[in-house]
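Everything below concerns the one structure shown next.
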Amino acid sequence: MARLSGKVALISGGAGGIGAATAALMVKEGARVIIADLVKNGLEIARGTGADFVSLDVTSEAQWEHAVREADGKHGGIHILVNAAGIEGDQKNNSLMTTSLEEWRRVHAVNLDGTFLGCQKVMPVMERQKQGSIINISSIVSFFPMPFNCAYGSSKAAVQHLTKSVAAWGSRNGNQIRCNSVHPGLIRTRMLLNIVAQRSPTPNDDGSAAAERLAKTTLPLGSLGAPEDVAQQIVYLASDESSQVTGSEFRVDGGWSLNLGGMLGPR
Ligand SMILES: NC(=O)c1ccc[n+]([C@@H]2O[C@H](COP(=O)([O-])OP(=O)(O)OC[C@H]3O[C@@H](n4cnc5c(N)ncnc54)[C@H](O)[C@@H]3O)[C@@H](O)[C@H]2O)c1
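In terms of my numbering, the sequence shown is residues 44 to 310.
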């Protein structure tokens, strides 16, 4: 039997790299999936994977309420919420000293406020069902200092903490509403390629070659992850296979965390 059969999943950022791979895998595993994203071709992307689509800017409380109402109204429940929408922010002015307050707020609005709103708006539906699984996509950088990309790092560390508050809330009154965070490392998506390209000294580099080099030198396992690698972790957390798992952090980072002390030696 498919691992998610009978379940309804709402995925913010579901039209992009990790979210889209998750949507495709969840459809394959028997879930009814609603992709929620702000891209113009979202409906087309959703149709391509057998999912539904609802337009959503995660920074808008009213749009979250609408997306949850749509999914719940059409499918009679929401068993899985994946908060995958995220932005990397301006990669040119992202240090502690060059990040403007406006940019700081923009990054937190999408990555943190968007995740908070998703958790809050879906909670009454899951409380009605007395069960559900929320998966928040944080980042491996939530564990690192980030003197560059400091707004992104802060937003992802806050998502990690918020996840535990949601998990604690979801277990009240005998409810089985679980919430976990997933921490990807270097995953081949538009976001990573843009980050690397912006920093590349080579003009016209789309980031691919530099990202591969970065993976080779940084990750003990030596290569970039695919969005599908993260999707597998998310599907596990969405399924009943993880029914005893809540408030936890899951790294999909090619072993990056092992290398923080820089003591692994040459590869
Ligand atoms: N790629 C990586 O290496 C990596 C590493 C760590 C964490 N992450 C996280 O994984 C998640 C997915 O990122 P990705 O790498 O797939 O990037 P991506 O840019 O390919 O996808 C992000 C998706 O989020 C959507 N989005 C952005 N702002 C939105 C908004 N305001 N409302 C609704 N949707 C919005 C985009 O349209 C896009 O479809 C993000 O939260 C990101 O921070 C990625």
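Cβ coordinates follow ideal geometry from the N, Cα and C atoms, glycine included.
Pairing residue 57 with residue 307, the inter-Cα distance amounts to about 36 Å. Classified as buried, residue 228 has 16 or more neighbouring CB atoms from the shown chains inside 10 Å of its CB. Excluding residues up to 5 positions away in sequence, 69, 74, 76, 123 lie with their Cβ nearer than 6 Å to the Cβ of residue 52 in the same chain.
Across the structure, residue 301 and residue 263 are spaced so that their CA atoms are roughly 7 Å apart.
The stretch 162 to 174 makes contact with the stretch 104 to 121, as at least three CB pairs between them are under 8 Å. Taken from the Cβ of residue 154, at least one heavy atom of ligand 1 lies inside 7 Å. Between the alpha carbons of residue 257 and residue 231 lies a distance of about 12 Å. Under the three-state reduction of DSSP output, residue 137 falls in the coil class, being neither helix nor strand.
Secondary structure within the stretch 204 to 247: the alpha helix (DSSP H) runs of 4 or more consecutive residues, fully enclosed, are 233 to 242 (chain order). In this structure, residue 202 keeps its C-beta atom at 8 Å or more from the C-beta atom of residue 222. A straight-line Cα-Cα distance of about 20 Å links residue 239 and residue 147.
Around the beta carbon of residue 60, 16 or more other beta carbons sit within 10 angstroms, so the residue counts as buried. In this structure, DSSP gives residue 72 a state outside helix and strand, which the three-state scheme calls coil.
Residue 217 and residue 186 have their C-alpha atoms spaced approximately 32 Å apart. Look at residue 292 here: in three-state DSSP terms it is strand.
Under the criterion of beta carbons closer than 8 Å, residue 290 and residue 206 qualify as touching, at roughly 7 Å. Annotated three-state conformation of residue 97 is strand, per DSSP. Distance from the CA atom of residue 82 to the CA atom of residue 160, rounded to whole angstroms, is 19 Å. By the neighbour-count criterion, in which a residue is buried when 16 or more other Cβ atoms sit within 10 angstroms of its Cβ, residue 197 is buried. Ligand 1 has a heavy atom closer than 7 Å to the beta-carbon of residue 55. For residue 140, the distance from the CB to the nearest heavy atom of ligand 1 is not below 7 Å. Of the heavy atoms belonging to ligand 1, at least one sits nearer than 7 Å to the Cβ of residue 233.
Checking the DSSP bridge columns, you'll see residue 80 partnered with 98.
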